[in-house]
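Under our numbering, think of the first position of the sequence shown as 802, with each following residue one higher.
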Amino acid sequence: MSRPDGPTAAAPGPPAVPGPAVVGPEVVAAYLDCLDRADLPAATRIATGLLDAGSSVADVLVDLVAVTQREVGLRWLTGRWSVAQEHAATHVSERVVEAVAARSGPTGDRGHVVMACVEGEWHALAARIVVEVVRAAGWRVTFLGASVPVRHLVSYLHQTGPDAVLLSCVQPSRLIRAGRMIEACRAAGVPVVAGGPGFGPDGRWAAAVGAVAWGATARDAARLLAGPLCPTTPTGPVPAAGTDEYVAVLRRRRDLVQLVLREVAPEPDRVEDVAGAVAQLVDALAAAIRVGDPGLLVEFVRWQTEVPDARDGSPLLDTMLRVCATALTEHPHAGNYLRQARTLLTTTP
802 MSRPDGPTAA APGPPAVPGP AVVGPEVVAA YLDCLDRADL PAATRIATGL
852 LDAGSSVADV LVDLVAVTQR EVGLRWLTGR WSVAQEHAAT HVSERVVEAV
902 AARSGPTGDR GHVVMACVEG EWHALAARIV VEVVRAAGWR VTFLGASVPV
952 RHLVSYLHQT GPDAVLLSCV QPSRLIRAGR MIEACRAAGV PVVAGGPGFG
1002 PDGRWAAAVG AVAWGATARD AARLLAGPLC PTTPTGPVPA AGTDEYVAVL
1052 RRRRDLVQLV LREVAPEPDR VEDVAGAVAQ LVDALAAAIR VGDPGLLVEF
1102 VRWQTEVPDA RDGSPLLDTM LRVCATALTE HPHAGNYLRQ ARTLLTTTP
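Spelled out as structure tokens, the structure:
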């Protein structure tokens, strides 16, 4: 996809339109072309040009940067882009977000919110977009960054007393950790607005782990903060888990990893990768049991079959599911969910 004129060539700016700039398909395509070539100066010109023409921070970050980042992820997932290309494109967009932030006005006085990514989550671009859109809506925002340990988050909440926490979770396998962070926040008297695909389609698992609300986009986060869904103190108890079986599954995590490694006997240079894959599968299983939805595990397995490095890994996935099912026979939810996930593998062409 690289163009012969190389990464330093200028990309066309946004088309001239009357009134505020419109982030239409042609602008998105021009920006995506910059990402394809890792052309930071041209990408920045497009974004700042939209601001100069009257677009809001939300218009640029949600309708341009976030939209193209989803396409970047899709290109990696389908094998059209390598990991290196994805990283280069993401870096460009991170710098563009910084450039847009530098053009924003002073912080407003609507209150103070903290933005954090679930511990173990290293995808921070979407969270950074939320930070800048919420800041542009008049809030003082403190961004704690990627993979925030729960104890550090709670300590910061006690020190600063924010009005709310915005919590980003990209992977559903991290839902157990998200739930622990939310419980800790609520215990500190701070409600949590959740965001990210890790909370499920339409945020269906957000309430199950204690969030007061879920937003699909940065605009949603700003809207929810302004409404009654985000009180100064949380109301009602933290929703209880449908079963505590997930705790027993997590306690077997290390044993399950070792069982699969003995069964698979991977080459020495693959041991770490296989162990990590098993651990993530167990986390997804525990999260599915925690929220009472086998679809979480099924979708995790489906995603694993689509990841470029794992497309030929169905035999390994099936072995992982089989070994875990055998080891967890005394846990009915686990066995049922694992059987459904194995069925997916046998019916997927």
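Backbone N, C-alpha and C define an ideal beta-carbon position, used for all residues, glycine too.
Here DSSP, grouped into helix, strand and coil, assigns Cys970 to coil. At a Cβ-Cβ threshold of 8 Å, Leu968 and Val993 count as neighbours.
Contact annotation: Val1058 and Val1079 have beta-carbon atoms nearer than 8 Å. A residue is called buried once 16 or more other Cβ atoms fall within 10 Å of its Cβ, and Arg1020 is buried on that count.
In the three-state reduction of the DSSP assignment, Arg1055 falls in the helix class. As the crow flies, the alpha-carbon of Val868 is around 25 Å from that of Glu920. Collapsing the DSSP output to three states places Thr943 in a strand. Ser894 counts as buried, since no fewer than 16 other beta carbons sit within 10 angstroms of its beta carbon. With contacts defined as CB atoms closer than 8 Å, Ile977 and Ala1088 qualify as a contacting pair. Straight-line spacing of the CA atoms in Arg904 and Gly939 works out to 15 Å. Annotation for His892: the continuous alpha helix (DSSP H) segment containing it runs Val884 to Ala903. For the 8 Å CB-CB criterion, Ala989 and Leu945 do not form a contact. Under a 10 Å Cβ-count criterion, His1134 is classified as buried, with 16 or more other Cβ atoms of the shown protein chains found around its own Cβ. A buried status is given to Glu1100, since no fewer than 16 other beta-carbon atoms sit within 10 Å of its beta-carbon. With fewer than 16 other CB atoms across the displayed protein chains lying within 10 angstroms of its CB, Glu1131 is exposed.
Cβ atoms of Val934 and Val858 come within 8 Å of each other, at about 6 Å. Ala843 and Val824 have their C-alpha atoms some 16 Å from each other.
Within the stretch 952–1027, the runs of beta strand (DSSP E) that reach at least 3 residues and sit entirely inside it are, in chain order, 965–969, 993–996 and 1014–1016.
Shown here for Cys986: same chain residues with a beta carbon closer than 6 Å to its own, the five before and five after excluded, namely Val966 and Val993 in chain order.
Secondary structure of Ala854 (DSSP, three-state): coil. In this chain, Val1075 is not harboured by any beta strand (DSSP E); it is covered by the alpha helix (DSSP H) spanning Val1072 to Val1092. Between Gly850 and Gly906, the alpha-carbon positions lie close to 16 Å from each other. Taking a contact as a CB-CB distance under 8 Å, the pair Val1065 and Thr1120 counts as one, their CB atoms being some 6 Å apart. Annotation: the continuous alpha helix (DSSP H) that includes Ala830 extends over Pro826 to Asp837. A Cβ-Cβ separation of about 5 Å places Thr908 in contact with Arg941 under the 8 Å criterion.
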